[in-house]
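Position one of the sequence shown corresponds to residue -1 (the working numbering), numbered consecutively onward. Glycine included, C-beta positions come from ideal geometry on N, C-alpha and C. A short worksheet on the structure shown next.
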Amino acid sequence: MTRTRTPLKIVPPPADAPAASATQRIVDSITNAIAERRLMPGTKLSEQKIGDIFKVSRTVVRQAFNQLSRDRLVMLEPARGAFVATPTAEEARDVFEVRSILETAVTKQLCAVITDAQIRELRAHLELERAAVNNAAVPGRTRLLGDFHIVLAQMLGNQVLVQMLGELMTRSSLVALMRQSTQSAEESHDEHVAIVDAFERRDTRAAVRLIGRHLANVQHNLDLDPQRVDLANVLDH
Ligand SMILES: [Zn+2]
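Written out as structure tokens, the structure reads:
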């Protein structure tokens, strides 16, 4: 299975990577921790502590925070410092609304052109999801369930779409973090299977209905429960 790398699949470079990439290393590590629900919204991000963890200056950490702030993943508050963003309920609705519009279009288009090979690729992805769900490996499971949506967009071959959806996925992971998930990963996986079944039947109406219902379920099954974490434990470094 070959596919291009998305923002959700960034792996931190080796520790001996050049200093120029230190900012990116911190950005990637924090983004991963958010996407994999290791870092909860509202968590304070200490410049000093992150500088120590990554063995870089506070200037480098501040550059990383600025980039994360532009991505709306981190809030910078004067005199208080940096925090993992806590999107409002309204923002959460907006993110899911845009996902729904985009992913409905993706599903409709893809159902018209999907090949048997692509269906096999989706089935292979579903097997990985299933294994991760069975293992209760939460970070991998979260990532694979999110990647399913990216893979659908990638199959249309539109890189702008893939990039936009990748950003929305990161932001909806953050939204999901803010309301600790009560949704079962199992349920999401089963809904993915039903969507692929509809693709296999080339049943566009069913596929569109199922993706809409799936996104509504994911959005509905969110709950609020911020928690305190030790940055040294959750950031890859
Ligand atoms: Zn899903």
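Can you check the stretch 21 to 98 for any beta strand (DSSP E) of at least 3 residues that lies completely inside it and give the ranges in chain order?
For the stretch 21 to 98, whole beta strand (DSSP E) runs of length 3 or above, ordered along the chain, are 72 to 75 and 79 to 82.
Which of helix, strand or coil does DSSP assign to proline 118?
Along the sequence shown, one-based indexing puts residue 118 at 120. According to the sequence shown, residue 118 is arginine rather than proline. In this structure, arginine 118 counts as helix in the three-state DSSP scheme.
Is serine 170 near ligand 1, judged by its Cβ being under 6 Å from some heavy atom?
As a position in the sequence shown, residue 170 is number 172, starting the count at 1. Checking the Cβ of serine 170 against ligand 1 gives no.
Going by beta carbon distance, what residues of the same chain come within less than 6 Å of serine 67, once the five residues before and after it are set aside?
Here residue 67 corresponds to residue number 69 of the sequence shown, with the count starting at 1. The residues Leu74, in chain order, have a CB closer than 6 Å to that of serine 67 in the same chain once the five nearest residues on each side in sequence are set aside.
Write down the C-beta distance between valine 25 and glutamine 65 rounded to the nearest angstrom, noting that I regard them as a contact closer than 8 Å.
Locating residue 25 in the sequence shown gives position 27, counting from the first residue. Locating residue 65 in the sequence shown gives position 67, counting from the first residue. Right, their Cβ atoms sit about 5 Å apart.
Beta-carbon separation (whole angstroms), threonine 105 vs valine 206, contact threshold 8 Å
For the purposes of this step, residue 105 is identified with residue 107 of the sequence shown, where counting begins at 1. For the purposes of this step, residue 206 is identified with residue 208 of the sequence shown, where counting begins at 1. About 5 Å; that satisfies the 8 Å criterion.
Check for me: the alpha helix (DSSP H) holding aspartate 195 runs from which residue to which?
Numbered from 1 along the sequence shown, position 197 holds the residue referred to as residue 195. Note, aspartate 195: alpha helix (DSSP H), 183 to 198.
By alpha-carbon positions, which one of Arg97, Phe146, Leu154 and Gly138 ends up nearest to histidine 190?
What you label residue 190 is simply residue 192 of the sequence shown in a count that begins at 1. With distances taken between CA atoms, histidine 190 lies nearest to Phe146 out of Arg97, Phe146, Leu154 and Gly138.
Does DSSP put leucine 233 in a helix, a strand or coil?
Position 235 of the sequence shown, counting from 1, holds the residue named residue 233. If DSSP states are grouped into helix, strand and coil, leucine 233 belongs with coil.
Nearest neighbour of aspartate 187, chosen from Asp195, Glu127, Gly79 and Arg70 [CA to CA]:
To locate residue 187, count along the sequence shown from 1; it is residue 189. A small fix is needed here, since residue 187 is histidine in this sequence, not aspartate. Measuring from the Cα of histidine 187, the nearest candidate turns out to be Glu127.
Counting Cβ pairs, one atom from each stretch, are 3 or more of them under 8 Å apart for the stretch 150 to 165 and the stretch 40 to 54?
With contact defined as three or more Cβ pairs closer than 8 Å, the stretch 150 to 165 and the stretch 40 to 54 are not in contact.
Please determine whether the Cβ atom of serine 186 lies at a distance below 6 Å from any heavy atom of ligand 1.
The residue you call residue 186 lines up with position 188 of the sequence shown. True, at least one ligand heavy atom lies under 6 Å from that Cβ.
Rounding to the nearest angstrom, what Cα-Cα distance links glutamine 178 and arginine 36 in this structure?
Locating residue 178 in the sequence shown gives position 180, where the first residue counts as 1. Locating residue 36 in the sequence shown gives position 38, where the first residue counts as 1. Unreliable positioning characterises glutamine 178 in this predicted model, as indicated by a pLDDT of 39, which lies under 50. The coordinate reading is nonetheless provided below. Cα to Cα, glutamine 178 sits roughly 11 Å from arginine 36.
For threonine 180, count neighbouring C-beta atoms within 10 Å of its own C-beta (all shown protein chains included) and say buried if the count is 16 or more, exposed if not.
Reading the sequence shown from its first residue, position 182 is the one you call residue 180. Its pLDDT being 42, under 50, threonine 180 is placed unreliably by the model, and nothing is read from it.
Rounded to the nearest angstrom, how far is the Cβ of leucine 172 from that of isoleucine 32, given a contact under 8 Å?
As a working note, residue 172 is residue 174 in the sequence shown. As a working note, residue 32 is residue 34 in the sequence shown. Yes, leucine 172 and isoleucine 32 are in contact; Cβ-Cβ is about 6 Å, under 8 Å.
Could you have a look at glutamine 217 and say whether DSSP puts it in helix, strand or coil?
Taking the first residue of the sequence shown as 1, we reach residue 217 at position 219. In the three-state scheme derived from DSSP, where H, G and I count as helix and E and B as strand, glutamine 217 is classed as helix.
Buried or exposed by the 16-neighbour rule on C-beta atoms within 10 Å, applied to glutamine 152:
Your numbering for residue 152 matches position 154 in the sequence shown. With 16 or more other Cβ atoms from the protein chains shown falling within 10 Å of its own Cβ, glutamine 152 counts as buried.
Do glutamate 34 and threonine 168 count as a contact pair if the criterion is CB distance below 7 Å?
Reading the sequence shown from its first residue, position 170 is the one you call residue 168. Reading the sequence shown from its first residue, position 36 is the one you call residue 34. At a Cβ-Cβ threshold of 7 Å, threonine 168 and glutamate 34 do not count as neighbours.
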